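Colleague: Residue numbers (the working numbering), protein chains in the order written: chain A, 19 to 264; chain B, 19 to 264; chain C, 19 to 264; chain D, 19 to 264. Backbone N, C-alpha and C define an ideal beta-carbon position, used for all residues, glycine too. Since the model is a prediction, treat every value here as computed from it, not as a measurement. Just passing along the structure, written as structure tokens.
There are 4 protein chains.
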Amino acid sequence: MTKNLERRLVGEGLGTALLLAAVVGSGIMAERLSGGNAALALLGNTLPTGAILAVLILIFAPLSGAHFNPAVSIAFALRRALPWSEAAAYAAAQIIGGAIGVWAAHLMFELPVWQVSQHLRSGPGQWLGEFIATFGLLLTIIGCATRASAALPYAVGLYITSAYWFTASTSFANPAVTIARSISDTFAGIDPSAAPAFIAAQIVGMSAAVGLAHWLWPSAPAAVFEKTIVGADQAGVTKRSGVRPP
Amino acid sequence: MTKNLERRLVGEGLGTALLLAAVVGSGIMAERLSGGNAALALLGNTLPTGAILAVLILIFAPLSGAHFNPAVSIAFALRRALPWSEAAAYAAAQIIGGAIGVWAAHLMFELPVWQVSQHLRSGPGQWLGEFIATFGLLLTIIGCATRASAALPYAVGLYITSAYWFTASTSFANPAVTIARSISDTFAGIDPSAAPAFIAAQIVGMSAAVGLAHWLWPSAPAAVFEKTIVGADQAGVTKRSGVRPP
Amino acid sequence: MTKNLERRLVGEGLGTALLLAAVVGSGIMAERLSGGNAALALLGNTLPTGAILAVLILIFAPLSGAHFNPAVSIAFALRRALPWSEAAAYAAAQIIGGAIGVWAAHLMFELPVWQVSQHLRSGPGQWLGEFIATFGLLLTIIGCATRASAALPYAVGLYITSAYWFTASTSFANPAVTIARSISDTFAGIDPSAAPAFIAAQIVGMSAAVGLAHWLWPSAPAAVFEKTIVGADQAGVTKRSGVRPP
Amino acid sequence: MTKNLERRLVGEGLGTALLLAAVVGSGIMAERLSGGNAALALLGNTLPTGAILAVLILIFAPLSGAHFNPAVSIAFALRRALPWSEAAAYAAAQIIGGAIGVWAAHLMFELPVWQVSQHLRSGPGQWLGEFIATFGLLLTIIGCATRASAALPYAVGLYITSAYWFTASTSFANPAVTIARSISDTFAGIDPSAAPAFIAAQIVGMSAAVGLAHWLWPSAPAAVFEKTIVGADQAGVTKRSGVRPP
Numbered sequence: 019m020t021k022n023l024e025r026r027l028v029g030e031g032l033g034t035a036l037l038l039a040a041v042v043g044s045g046i047m048a049e050r051l052s053g054g055n056a057a058l059a060l061l062g063n064t065l066p067t068g069a070i071l072a073v074l075i076l077i078f079a080p081l082s083g084a085h086f087n088p089a090v091s092i093a094f095a096l097r098r099a100l101p102w103s104e105a106a107a108y109a110a111a112q113i114i115g116g117a118i119g120v121w122a123a124h125l126m127f128e129l130p131v132w133q134v135s136q137h138l139r140s141g142p143g144q145w146l147g148e149f150i151a152t153f154g155l156l157l158t159i160i161g162c163a164t165r166a167s168a169a170l171p172y173a174v175g176l177y178i179t180s181a182y183w184f185t186a187s188t189s190f191a192n193p194a195v196t197i198a199r200s201i202s203d204t205f206a207g208i209d210p211s212a213a214p215a216f217i218a219a220q221i222v223g224m225s226a227a228v229g230l231a232h233w234l235w236p237s238a239p240a241a242v243f244e245k246t247i248v249g250a251d252q253a254g255v256t257k258r259s260g261v262r263p264p
Numbered sequence: 019m020t021k022n023l024e025r026r027l028v029g030e031g032l033g034t035a036l037l038l039a040a041v042v043g044s045g046i047m048a049e050r051l052s053g054g055n056a057a058l059a060l061l062g063n064t065l066p067t068g069a070i071l072a073v074l075i076l077i078f079a080p081l082s083g084a085h086f087n088p089a090v091s092i093a094f095a096l097r098r099a100l101p102w103s104e105a106a107a108y109a110a111a112q113i114i115g116g117a118i119g120v121w122a123a124h125l126m127f128e129l130p131v132w133q134v135s136q137h138l139r140s141g142p143g144q145w146l147g148e149f150i151a152t153f154g155l156l157l158t159i160i161g162c163a164t165r166a167s168a169a170l171p172y173a174v175g176l177y178i179t180s181a182y183w184f185t186a187s188t189s190f191a192n193p194a195v196t197i198a199r200s201i202s203d204t205f206a207g208i209d210p211s212a213a214p215a216f217i218a219a220q221i222v223g224m225s226a227a228v229g230l231a232h233w234l235w236p237s238a239p240a241a242v243f244e245k246t247i248v249g250a251d252q253a254g255v256t257k258r259s260g261v262r263p264p
Numbered sequence: 019m020t021k022n023l024e025r026r027l028v029g030e031g032l033g034t035a036l037l038l039a040a041v042v043g044s045g046i047m048a049e050r051l052s053g054g055n056a057a058l059a060l061l062g063n064t065l066p067t068g069a070i071l072a073v074l075i076l077i078f079a080p081l082s083g084a085h086f087n088p089a090v091s092i093a094f095a096l097r098r099a100l101p102w103s104e105a106a107a108y109a110a111a112q113i114i115g116g117a118i119g120v121w122a123a124h125l126m127f128e129l130p131v132w133q134v135s136q137h138l139r140s141g142p143g144q145w146l147g148e149f150i151a152t153f154g155l156l157l158t159i160i161g162c163a164t165r166a167s168a169a170l171p172y173a174v175g176l177y178i179t180s181a182y183w184f185t186a187s188t189s190f191a192n193p194a195v196t197i198a199r200s201i202s203d204t205f206a207g208i209d210p211s212a213a214p215a216f217i218a219a220q221i222v223g224m225s226a227a228v229g230l231a232h233w234l235w236p237s238a239p240a241a242v243f244e245k246t247i248v249g250a251d252q253a254g255v256t257k258r259s260g261v262r263p264p
Numbered sequence: 019m020t021k022n023l024e025r026r027l028v029g030e031g032l033g034t035a036l037l038l039a040a041v042v043g044s045g046i047m048a049e050r051l052s053g054g055n056a057a058l059a060l061l062g063n064t065l066p067t068g069a070i071l072a073v074l075i076l077i078f079a080p081l082s083g084a085h086f087n088p089a090v091s092i093a094f095a096l097r098r099a100l101p102w103s104e105a106a107a108y109a110a111a112q113i114i115g116g117a118i119g120v121w122a123a124h125l126m127f128e129l130p131v132w133q134v135s136q137h138l139r140s141g142p143g144q145w146l147g148e149f150i151a152t153f154g155l156l157l158t159i160i161g162c163a164t165r166a167s168a169a170l171p172y173a174v175g176l177y178i179t180s181a182y183w184f185t186a187s188t189s190f191a192n193p194a195v196t197i198a199r200s201i202s203d204t205f206a207g208i209d210p211s212a213a214p215a216f217i218a219a220q221i222v223g224m225s226a227a228v229g230l231a232h233w234l235w236p237s238a239p240a241a242v243f244e245k246t247i248v249g250a251d252q253a254g255v256t257k258r259s260g261v262r263p264p
């Protein structure tokens with residue numbers, strides 16, 4: 019096991035748990051308070067989500083890279099900035115953390131812990147939405163990491179704040195988030211039967227962004243990428259474990 | 019063709035496409051959800067637009083300058099920071115990208131792809147609004163580029179967030195955006211017959227800002243300007259292509 | 019006339035004009051769209067005001083200091099960072115600019131240019147509000163200028179965003195803004211008969227903040243203060259004109 | 019008494035007073051204006067609170083550390099970055115300042131100064147909310163202090179903006195704030211009988227975060243921590259007073 023991996027996995031799991039507690043918890047609060055006005059409910063779900071994302075990336079980026087998203091970890095593996103074995107461990111930590119976060123939200127709002135969403139989200143418009151949402155998210159991450167890494171936490175928070183409103187699917191853009199939201203029958207939920215198509219669209223959108231970024235920023239040194247996103251602690255580690263620049 | 023121009027044009031086109039997908043997409047979402055309350059609808063259109071602008075400038079400024087706006091590209095050409103031939107190519111990429119973004123929004127929300135707006139926006143108040151909106155936008159860009167270039171992405175996002183509310187026209191401030199919004203019969207649309215006057219007011223506002231900025235900040239070195247706004251990649255290029263400081 | 023003063027006065031006047039266009043313009047827009055819900059109207063007035071303040075300070079701080087507020091210019095004079103004659107010229111430019119901004123807003127929204135507000139804002143609670151609002155604003159400016167000057171534009175924008183809601187007077191905190199808002203019979207207006215008490219409370223609040231700041235941060239070097247707030251251009255000028263550190 | 023402590027205590031007291039004036043004042047304003055829509059009222063309470071927190075930390079962090087929160091001062095004492103005697107003095111200043119801020123808000127809105135809240139906030143869901151809210155707040159502070167200290171003011175403001183919505187208790191996360199809000203029978207109030215359980219949950223959440231942070235970031239040098247959070251002025255002082263790195 020690579021040095022430091024245990025702490026990094028706790029970082030990914032804990033960060034994803036807090037992210038999901040915010041997504042699902044603010045969805046419950048917003049729906050309860052908004053008196054049936056869906057725009058107010060989405061606003062009360064959007065601002066807390068964008069804000070907590072920026073905070074969590076500020077906290078955890080220097081430790082684990084603050085992916086909180088299997089699509090991001092896979093993108094790093096594709097760019098050879100993270101070993102595939104670690105990307106798999108990251109994804110597992112993210113999925114487990116996401117579920118814990120959802121259950122914490124249910125406990126806080128005194129709802130049954132175990133739920134399954136019945137909120138059907140489907141159709142080509144929503145799948146295109148997930149493709150565009152994830153494509154834009156990865157473009158944001160890789161684009162900022164290359165040249166404006168200090169702005170990355172804010173950029174991701176602002177991106178999701180925007181994408182919640184401009185995509186027909188309200189921008190899940192994250193397989194771990196999609197799985198976690200399938201076990202919450204609240205405002206933010208998604209019926210488990212609708213999840214696989216969402217995740218497929220996310221993976222396609224991520225792949226398109228990784229390919230385009232490779233062409234758009236050919237000279238981006240992987241070392242810089244690793245250092246700013248996978249985290250300063252991690253940079254030395256991946257170098258030692260033989261990861262090469264793309 | 020100047021070195022690197024192809025990638026820069028893709029950056030301008032893609033950035034403008036994502037901007038318009040956000041403007042039109044969030045307009046559709048906000049109108050659908052807001053239950054007839056126009057203030058909520060405009061809020062749900064404003065926040066995503068301001069947020070995505072900051073993100074897109076963070077991503078693309080080091081590559082293409084992140085103009086996404088023919089008025090901005092013309093201003094750079096007037097300041098001799100961009101060759102006129104490249105400004106023309108930029109404008110074409112922005113207009114094409116804008117149309118693609120609108121169509122992507124229509125597809126996401128499962129609306130007919132091809133639409134023509136019937137939303138009349140006209141009259142001296144709105145034209146003055148477009149003059150002021152574009153004047154302020156260019157003042158923001160040139161003012162920040164000169165002395166606070168790291169803040170530019172946030173400044174532009176915040177400026178548009180504000181201008182959506184304080185101008186009677188809700189601040190198009192961009193000929194490519196005006197053209198793109200004329201082919202969407204949704205919340206953000208503008209009847210094509212109203213577009214020429216909007217664009218004329220924008221060009222006059224831009225010209226006034228360029229002239230005033232020349233007097234306000236006479237010592238601003240064009241080299242700094244190029245480096246921070248046209249992008250680090252581009253600085254060497256324009257120097258080689260014989261562009262002189264104003 | 020001190021070197022550069024002409025451009026600095028244009029900066030103060032233009033910045034205050036844009037600030038008032040945003041305050042009054044967004045107030046008109048917000049009231050028109052909010053369907054009678056006062057919280058939505060205030061929100062649609064708050065966000066554009068806070069956002070434009072940050073932008074205008076980013077643009078004009080390196081030129082004129084971006085005061086846009088006679089209370090701020092007087093505070094600088096009290097701290098011997100600005101000659102009293104220049105503070106007076108600044109105040110005149112701010113008052114003239116503010117009026118122009120209000121008239122521009124009226125023109126944009128096709129209202130009569132010349133108006134007098136009938137919106138009575140009075141009573142000890144509102145006066146205490148103006149005292150606290152201006153006290154906090156000056157504490158923000160002096161506190162940030164001393165140690166976190168790059169954050170100042172955002173700090174002032176965020177401060178006003180907050181103070182619009184937590185003071186009973188909705189935080190005018192600025193004599194030029196108070197005068198300008200007295201000539202607009204719209205959402206943001208204030209009856210001229212109520213203005214003198216507001217301005218008096220603002221001056222008292224400013225004085226209290228200047229006194230307290232002198233005790234709280236005794237070692238703050240005036241040179242740093244001048245450089246970051248009065249503007250880099252100005253620092254050399256005031257030194258030559260014999261302004262001494264407090 | 020350690021050098022400089024007097025000014026630092028005034029900083030803590032004044033900052034906490036302004037924080038509570040914002041929390042309680044914006045709560046009153048938001049409830050009055052929102053026409054019975056609870057989501058709008060919470061939004062009008064959230065944005066001013068998050069914004070003023072960022073501002074107050076920008077202003078006071080270099081002086082006193084800008085804790086405004088006994089849980090934060092105790093955490094610093096546990097990490098041996100603040101002597102226990104000073105932590106106690108900080109807590110006293112925060113509690114006194116908080117009460118003054120609440121009374122200022124009552125005076126501004128012309129309400130009786132002395133009030134006792136009758137707003138019962140209780141139950142395991144709310145206590146878990148306070149545990150999670152304070153745990154996340156301390157993780158934000160310690161995580162950012164270690165590696166991204168310039169972002170700390172924004173991170174704390176964004177964190178509270180989010181936590182107001184995702185915790186069932188609307189995130190008090192602060193014993194001084196809890197006590198202060200118990201003496202205001204307005205939107206933000208809490209019945210005094212409910213306060214002890216809130217405070218207990220906050221202390222447990224704080225302790226959990228301090229323990230976890232010790233394991234997550236073992237190499238974080240206390241010196242850096244002191245310098246960025248307790249304030250540059252304070253760093254020399256605590257060194258002289260014999261505080262050792264944890």
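Any beta carbon of chain B sitting closer than 8 angstroms to that of A69(C)?
Modeller: Closer than 8 angstroms to some Cβ of chain B, the Cβ of A69(C) qualifies, so yes.
Colleague: Measure the beta-carbon distance from S82(D) to R26(D) and round it to whole angstroms, keeping in mind my assumption that it falls under 8 angstroms.
Modeller: Confirmed, about 4 angstroms.
Colleague: Taking 8 angstroms as the threshold (C-beta atoms), are L37(D) and L71(D) in contact?
Modeller: Result yes, Cβ atoms of L71(D) and L37(D) sit closer than 8 angstroms.
Colleague: So, at 8 angstroms on beta carbons, what are the nonlocal neighbours of A107(C) in its own chain, with the 5 sequence-adjacent residues on each side left out?
Modeller: Excluding sequence neighbours, A107(C) sits near L23 and L27.
Colleague: Return yes when at least one heavy atom of the ligand NAP lies under 7 angstroms from the C-beta of I75(B), else no.
Modeller: Absence of the ligand NAP is noted for the structure shown, with no ligands found whatsoever.
Colleague: Nearest CA to the CA of A194(B): which residue from A168(B), F86(B) and L61(B)?
Modeller: Checking every option, the nearest Cα to that of A194(B) belongs to F86(B).
Colleague: If you run the structure through DSSP and keep just helix, strand and coil, what is A206(A)?
Modeller: Coil.
Colleague: Roughly how far, in whole angstroms, is the beta-carbon of Y177(D) from the beta-carbon of V174(A), given that I think they are within contact range, below 8 angstroms?
Modeller: Going by Cβ atoms, the distance from Y177(D) to V174(A) rounds to 15 angstroms, so no, they are not a contact pair.
Colleague: Starting from G31(B), trace the alpha helix (DSSP H) both ways and give me its first and last residue.
Modeller: Per DSSP, G31(B) belongs to the alpha helix (DSSP H) from L23 to L51.
Colleague: When you compare the CB positions of I46(B) and R139(B), do they come within less than 8 angstroms of one another, or not?
Modeller: No, Cβ-Cβ distance for I46(B) and R139(B) is not below 8 angstroms.
Colleague: Less than 8 angstroms between the C-beta atoms of A186(A) and M126(B), yes or no?
Modeller: In contact: A186(A) and M126(B) (Cβ atoms closer than 8 angstroms).
Colleague: Give the interface partners of I12(D) over in chain C, defined as CB-CB distance under 7 angstroms, in chain order.
Modeller: Residue 12(D) is absent from the model: chain D starts at 19 and stops at 264.
Colleague: Which stretch, first to last residue, makes up the alpha helix (DSSP H) that contains W183(D)?
Modeller: W183(D) -> alpha helix (DSSP H) spans L170 to F184.
Colleague: Shorter than 8 angstroms from the beta carbon of Y108(B) to some beta carbon of chain C?
Modeller: Closer than 8 angstroms: no.
Colleague: Cα-Cα, which of A218(B), S211(B), A117(B) and A109(B) is closest to S40(B)?
Modeller: It is Ala, not Ser, that sits at residue 40(B) in the sequence shown. The shortest C-alpha separation from A40(B) is found at A117(B).
Colleague: Looking at the C-beta of L36(C), does it have a partner C-beta in chain D at a distance below 8 angstroms?
Modeller: By this cut-off, L36(C) is not an interface position.
Colleague: Just verifying my parser: in three-state terms, what is the DSSP assignment at I12(C)?
Modeller: Residue 12(C) falls outside the range modelled here, since chain C spans only 19 to 264, and no answer is possible.
Colleague: Compare the C-beta of F86(D) with all C-beta atoms of chain C and state if any pair is closer than 8 angstroms.
Modeller: By this cut-off, F86(D) is not an interface position.
Colleague: Around the Cβ of P80(C), are there at least 16 other Cβ atoms within 10 angstroms (buried) or fewer (exposed)?
Modeller: By the 10 Å Cβ count, P80(C) comes out buried.
Colleague: What does the alpha-carbon distance come out to for the pair A95(C) and A231(C)?
Modeller: Answer to the nearest angstrom: the Cα atoms are 14 angstroms apart.
Colleague: Can you have a look at W121(D) and say buried or exposed, based on whether 16 or more other CB atoms are within 10 angstroms of its CB?
Modeller: It counts as buried.
Colleague: In angstroms, rounded to a whole number, what distance separates the CA positions of G68(D) and A109(A)?
Modeller: Each residue's Cα considered, the two are about 32 angstroms apart.
Colleague: Who are the Cβ neighbours of Q136(A) in its own chain at under 8 angstroms, not counting the five residues just before and after it?
Modeller: Cβ neighbours of Q136(A) beyond the five flanking positions: D203, G207 and D209.
Colleague: Measure the alpha-carbon distance for V134(C) versus S180(C) and round it to whole angstroms.
Modeller: Rounded to the nearest angstrom, the two C-alpha atoms are 27 angstroms apart.
Colleague: Name the chain B residues whose beta carbon is nearer than 8 angstroms to that of L51(A)?
Modeller: Here the premise fails: no neighbours, minimum Cβ distance about 14 angstroms.
Colleague: Rounding to the nearest angstrom, what Cα-Cα distance links F205(B) and S103(C) in this structure?
Modeller: Computed Cα separation, rounded: 51 angstroms.
Colleague: How would you list, in chain order, the residues of chain D whose beta-carbon sits under 9 angstroms from the beta-carbon of F205(C)?
Modeller: Ordered by position in chain D, no residue passes the 9 angstroms Cβ test against F205(C), which lies about 12 angstroms from the chain.
Colleague: Rounded to the nearest angstrom, what separates G54(C) and H124(C) at their Cα positions?
Modeller: Going by the C-alpha atoms only, they are around 21 angstroms apart.
Colleague: Assuming G115(A) contacts E30(A) (C-beta within less than 8 angstroms), just tell me the rounded distance between them.
Modeller: Right, their Cβ atoms sit about 7 angstroms apart.
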